[in-house]
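Residue numbers (the numbering used here), protein chains in the order written: chain A, 15 to 269; chain B, 2 to 580. Glycine included, every Cβ here is placed at the ideal spot set by N, Cα and C. Structure first, commentary second.
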Amino acid sequence: MSPPLELDYIGLSPPAAASAADASDDLKGTELRLGLPGSESPDRRVAAAAATATLELLPAKGAKRGFSDEAPPPPSAAAAGKGKKVAEDEEVDKKVAAAPQPAAKAQVVGWPPIRSYRKNTMATNQLKGSKEDAEAKQGQGFMYIKVSMDGAPYLRKVDLKTYKNYKDLSTALEKMFSGFSTCGCNAISGKDGLSENRKDGEYVLTYEDKDGDWMLVGDVPWEMFADSCRRLRIMKGSDAIGLAPRAGDKSKNRN
Amino acid sequence: MAYFPEEVVEQILGFVKSHHDRNAISLVCRAWYHIERLNRGSVLVNNCYAVRPERVHSRFPRMRSLTVKGKPHFADFNLVPAGWGAMALPWVDACARACPGLEELRLKRMVVTDECLKLVAHSFANFKSLVLVSCEGFSTLGLATIATNCSVFLKELDLEESVVKYRGHHWLNCFPKPSTSLETLNFACLAGEVNAHALEKLVERSPNLKSLRLNRLVPFDVMARMLARTPKLEDLGTGSFIQGFNAGVGLHLPVFNAFRRSRSLKSLSGFWDAAGLHFQVIYSVCKNLTCLNLSYAPFIQSADLINIIRQCTKLRTLWVLDNIGDEGLKVVASSCAELEELRVFPARTAVHPRTALTEEGLVAISSGCRKLNTVLYFCERMTNAALIAIAKNCPQFTSFRLCIMEPRSADPMTGQPLDEGFGAIVQSSKGLRRLSLSGLLTDNVFLYIGMYAEKLEMLSVAFAGDTDNGMIYVLNGCKNLKKLEIRDSPFGDAALLAGMQRYESMRSLWMSSCNITLGGCKSLAASMPSVNVEVIDEGASSIDEADEDANNARKVRKLYLYRTIAGPRGDAPGFVSVL
Chain A
15 MSPPLELDYI GLSPPAAASA ADASDDLKGT ELRLGLPGSE SPDRRVAAAA
65 ATATLELLPA KGAKRGFSDE APPPPSAAAA GKGKKVAEDE EVDKKVAAAP
115 QPAAKAQVVG WPPIRSYRKN TMATNQLKGS KEDAEAKQGQ GFMYIKVSMD
165 GAPYLRKVDL KTYKNYKDLS TALEKMFSGF STCGCNAISG KDGLSENRKD
215 GEYVLTYEDK DGDWMLVGDV PWEMFADSCR RLRIMKGSDA IGLAPRAGDK
265 SKNRN
Chain B
2 MAYFPEEVVE QILGFVKSHH DRNAISLVCR AWYHIERLNR GSVLVNNCYA
52 VRPERVHSRF PRMRSLTVKG KPHFADFNLV PAGWGAMALP WVDACARACP
102 GLEELRLKRM VVTDECLKLV AHSFANFKSL VLVSCEGFST LGLATIATNC
152 SVFLKELDLE ESVVKYRGHH WLNCFPKPST SLETLNFACL AGEVNAHALE
202 KLVERSPNLK SLRLNRLVPF DVMARMLART PKLEDLGTGS FIQGFNAGVG
252 LHLPVFNAFR RSRSLKSLSG FWDAAGLHFQ VIYSVCKNLT CLNLSYAPFI
302 QSADLINIIR QCTKLRTLWV LDNIGDEGLK VVASSCAELE ELRVFPARTA
352 VHPRTALTEE GLVAISSGCR KLNTVLYFCE RMTNAALIAI AKNCPQFTSF
402 RLCIMEPRSA DPMTGQPLDE GFGAIVQSSK GLRRLSLSGL LTDNVFLYIG
452 MYAEKLEMLS VAFAGDTDNG MIYVLNGCKN LKKLEIRDSP FGDAALLAGM
502 QRYESMRSLW MSSCNITLGG CKSLAASMPS VNVEVIDEGA SSIDEADEDA
552 NNARKVRKLY LYRTIAGPRG DAPGFVSVL
């Protein structure tokens with residue numbers, strides 16, 4: 015069974031390639047171990063004895079050591095339980111840390127002893143909060159975009175990642191903007207499509223995509239839409255001239 | 002004693018709730034054993050593999066409440082591979098057969114499937130309370146069956162820190178109508194979105210709600226409306242502070258008012274995405290708070306934390322992140338004289354700079370909070386002097402867990418190991434029951450622990466010690482030790498075997514990344530039939546190799562041994578060898 019991919023405590027997952035690599039010699043230079051840079055990891059048995067003699071075993075002041083769960087080790091790298099090198103132990107403990115990440119550290123499984131529940135929660139938290147608007151990178155846990163409605167005094171924000179299809183989105187928008195116009199959102203939550211009941215409601219849901227063009231919501235598969243959507247605008251139907259009505263022959267992929 | 006009427010003993014037993022005392026009573030004599038067992042309503046099984054479920058039921062036929070714990074503690078830190086065991090189904094199954102009157106089921110660190118939840122939902126007509134702590138394996142569909150089919154008496158559904166697969170949010174709709182008996186509902190761990198409308202309706206029809214913990218996707222305005230409808234609420238876990246929160250000035254007034262009117266709120270948690278300015282809404286309840294958990298709120302700056310905590314003068318339990326800094330802890334020390342439990346977790350965000358939390362913070366707390374008895378403290382550095390001062394200030398620790406983030410960190414001022422510091426702690430806190438060590442430690446610290454920590458029940462060791470003696474001191478000295486967990490420490494077969502006399506009176510021993518060999522484990526297993534010796538070896542080749550000597554000399558990566566009357570377990574996966 016393959017262990018689940020574990021995120022670095024601060025939410026960065028080490029690139030699979032780096033962690034999957036066996037600690038071969040040519041990677042030795044890039045490896046991070048517990049211990050000062052430039053020093054060999056001391057043999058565990060003499061570590062304590064040596065400790066009193068060397069103040070250098072103190073945590074390097076500037077070096078932030080964020081320990082994190084390592085990504086699943088390959089079956090051959092048998093030392094799953096330890097991340098530090100033990101001289102007397104033939105099994106290879108060296109883990110190549112995620113080199114490109116600025117916060118990459120030597121990875122020791124289960125240290126510091128923080129519950130995985132806590133780690134996962136904090137990782138999601140930090141990713142969600144660290145951006146303010148739609149410049150969300152791919153693969154992060156959220157994508158907040160602005161939603162404007164013609165005539166409303168202020169805008170809202172929604173996280174596109176919390177929805178799986180157009181229906182969820184339209185229900186959510188309907189709730190969010192229900193205060194402004196009673197029938198305003200009928201157009202949005204049409205029977206099986208977004209732009210169905212154009213004549214019933216007054217509003218049309220449109221979005222601005224990566225290229226800056228304003229598009230009608232509902233044409234492309236959900237994932238594609240979620241990837242390229244930068245803002246949403248609930249437009250008055252009367253303004254939406256030129257966007258072809260899509261009644262009846264509405265397309266296949268609704269999600 | 003033989004003439005003591007049974008009825009009287011029963012009466013007295015009715016007042017005895019503690020499991021420890023009950024167990025002691027049952028050992029007095031055969032008669033008392035029987036009176037006690039027929040009287041015990043609340044049964045605690047600390048290790049699901051220590052005894053078979055059927056045996057528990059036959060001993061305690063009048064069971065009303067069952068608590069079972071599964072995986073070892075280090076499973077929290079991903080040291081126990083998935084699939085190890087601790088399935089809840091055999092236990093629930095046994096309950097369904099033997100104990101249809103079951104009212105309460107509490108499981109910790111167990112694997113609970115939807116099938117299992119379905120069985121719970123359909124088997125117990127009086128079911129009142131389901132608590133799943135750090136469990137996994139179920140989904141929101143399982144929750145839906147619980148909500149739908151469980152008795153109307155269901156008072157408590159608590160999913161503390163469990164991992165729940167998201168399969169829709171429809172479960173909130175399923176609770177009984179027209180009203181529920183819910184007093185506690187905790188779904189803070191749920192990852193998926195929640196149907197706000199259903200949630201509001203549920204709260205509306207649950208007039209007895211005292212504790213409500215929302216997940217981070219519940220919008221702010223929804224929480225505000227619910228708060229207004231739950232006048233008896235004592236414990237609230239907030240939802241989002243950003244979703245649903247309008248920038249308009251007047252719109253957070255309802256929340257502010259809702260909090261202001263909550264006279265009974267004593268405990269707050271959540272705050273996932275809250276930043277300083279959101280905090281103002283809770284100012285009005287601070288003076289009544291006894292319990293505050295801000296440890297999942299990385300965006301709150303120290304200054305805002307301080308402003309809040311300054312007003313929480315009745316606080317007994319505080320969980321925070323280390324961005325509170327020493328200064329913040331000094332404010333805690335001067336404001337919260339009633340503080341009994343403090344936990345400081347590392348924030349470790351990429352966003353915030355290195356935290357300003359050192360040993361000084363804890364020293365300040367120890368001198369200001371004289372009732373402090375439980376500490377969990379993550380920090381970058383600690384000194385012997387600080388620990389000695391802390392020990393002197395607080396002789397009443399029952400649980401002291403210190404985690405210096407860098408393994409084997411010496412005292413930064415003297416370069417010495419932290420033996421003396423921890424020694425002071427165990428010497429001064431005579432009632433210490435739980436201890437976690439970190440930093441640079443030699444065998445000496447174990448000598449101190451063995452000598453002084455008479456009441457110690459649980460010891461966690463990581464990256465510590467020099468020789469086998471360390472572990473031997475502890476095994477010889479701590480007569481009350483129940484759980485010993487060790488990782489990355491140089492203890493070998495001699496130490497392991499030295500404890501042979503002890504393991505039957507202990508609950509369990511965990512050793513990972515130490516120096517024990519397979520041969521050592523085998524000889525231990527051979528001499529102790531009432532102890533299960535499990536060797537966990539993921540990714541290693543089979544244990545029965547041809548060359549026995551070479552095989553026996555192999556280092557064991559993970560060992561978990563525990564006393565049991567159930568014999569070797571039948572559900573051990575391939576990577577676990579029960580010797």
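Spatially closest choice to residue i from the options, by CA coordinates
i       : options                               : result
V165(B) : E205(B), Y563(B), G369(B) and L191(B) : L191(B)
V532(B) : C522(B), Y563(B) and S514(B)          : Y563(B)
T185(B) : H198(B), W172(B), N209(B) and A197(B) : N209(B)
F125(B) : S135(B), V69(B), D115(B) and E104(B)  : E104(B)
R548(B) : N289(B), I566(B), S140(B) and L519(B) : Per the sequence shown, the amino acid found at residue 548(B) is Asp instead of Arg. If we check each option's Cα against that of D548(B), L519(B) comes out closest.
M136(A) : K72(B), Y297(B) and A386(B)           : Y297(B)
A495(B) : E505(B), I517(B), L237(B) and W273(B) : I517(B)
M227(B) : E341(B), Q244(B), S140(B) and F260(B) : F260(B)
A87(B)  : R570(B), K129(B), L293(B) and G575(B) : R570(B)
N174(B) : L142(B), A454(B), K156(B) and E341(B) : L142(B)
D572(B) : R110(B), G84(B), R402(B) and R107(B)  : G84(B)
E116(B) : M529(B), I537(B), T146(B) and R402(B) : T146(B)
Alpha-carbon spacing of residue i relative to residue j, whole angstroms
i       : j       : result
R230(B) : S263(B) : 10 Å
N477(B) : D420(B) : 18 Å
I159(A) : N134(A) : 24 Å
F156(A) : Y449(B) : 50 Å
F20(B)  : S43(B)  : First, the residue type needs correcting, since residue 20(B) is His and not Phe in the sequence shown. Approximately 8 Å between the Cα atoms of the pair.
V10(B)  : W33(B)  : 8 Å
K483(B) : K315(B) : 34 Å
T443(B) : G466(B) : 4 Å
S367(B) : D323(B) : 16 Å
I325(B) : V333(B) : 10 Å
T185(A) : L580(B) : 57 Å
A122(B) : E188(A) : 35 Å
M452(B) : C479(B) : 8 Å
G271(B) : G238(B) : 5 Å
G251(A) : F242(B) : 33 Å
Y474(B) : V577(B) : 29 Å
R132(A) : M190(A) : 31 Å
D253(A) : Y217(A) : 9 Å
P82(B)  : A240(A) : 35 Å
K559(B) : F492(B) : 13 Å
V134(B) : S242(A) : 40 Å
Opening and closing residue of the alpha helix (DSSP H) in which residue i lies
i       : result
V29(B)  : Per DSSP, V29(B) belongs to no alpha helix (DSSP H) and is neither H nor E.
D550(B) : E549 to A554
E421(B) : D420 to S429
L200(B) : A197 to E205
F401(B) : Looking at the DSSP string, F401(B) is not in any alpha helix (DSSP H); the run it does join, the beta strand (DSSP E), is S400 to I405.
W236(A) : W236 to S242
G165(A) : Unbroken run through G165(A): none, as it is neither H nor E.
Residue span of the beta strand (DSSP E) that contains residue i, given as start and end
i       : result
F346(B) : E342 to F346
S303(B) : That residue, S303(B), is in no beta strand (DSSP E); its alpha helix (DSSP H) goes S303 to R311.
L133(B) : S130 to V134
F260(B) : Taken as a continuous stretch (DSSP letters only), F260(B) belongs to no beta strand (DSSP E), being part of the alpha helix (DSSP H) at L254 to R262.
F141(B) : Correcting the residue type first, residue 141(B) is Thr in the shown sequence and not Phe. First-last for T141(B): T141 to N150, but that is the alpha helix (DSSP H), not the beta strand (DSSP E).
V321(B) : T318 to L322
M383(B) : Premise fails: M383(B) is in no beta strand (DSSP E) and is neither H nor E.
T1(B)   : Because chain B in this structure spans residues 2 to 580, residue 1(B) falls outside the shown range and cannot be described.
Taking contact to mean at least 3 C-beta pairs separated by less than 8 Å, is the stretch 276-284 of chain B in contact with the stretch 294-305 of chain B?
yes
Sufficient close CB pairs (3 or more, under 8 Å) joining the stretch 336-345 of chain B to the stretch 373-382 of chain B
yes
Got a sec: which bits of the stretch 120-136 of chain A sit with their beta carbon under 8 Å from any beta carbon on chain B, in order along the chain?
V122, V123, G124, W125, P126, P127, I128, R129, S130, Y131, R132, T135 and M136
Counting only Cβ-Cβ distances shorter than 7 Å, please list the residues of the stretch 252-268 of chain B near chain A, keeping chain order.
Nothing from the stretch 252-268 of chain B brings a Cβ to less than 7 Å from some Cβ of chain A.
Would you say the stretch 391-398 of chain B touches the stretch 407-414 of chain B, given that touching needs at least three Cβ pairs under 8 Å?
no
Contact between the stretch 36-56 of chain B and the stretch 65-84 of chain B (3+ Cβ pairs under 8 Å):
Yes, since at least three Cβ pairs between the stretch 36-56 of chain B and the stretch 65-84 of chain B fall closer than 8 Å, the two stretches touch.
Pair every Cβ in the stretch 47-65 of chain B with every Cβ in the stretch 555-573 of chain B, then say whether three or more of these pairs are closer than 8 Å.
Output reads yes: the stretch 555-573 of chain B touches the stretch 47-65 of chain B.
Closer than 8 Å, Cβ to any Cβ of chain A: which residues of the stretch 209-227 of chain B, in chain order?
R217 and L218
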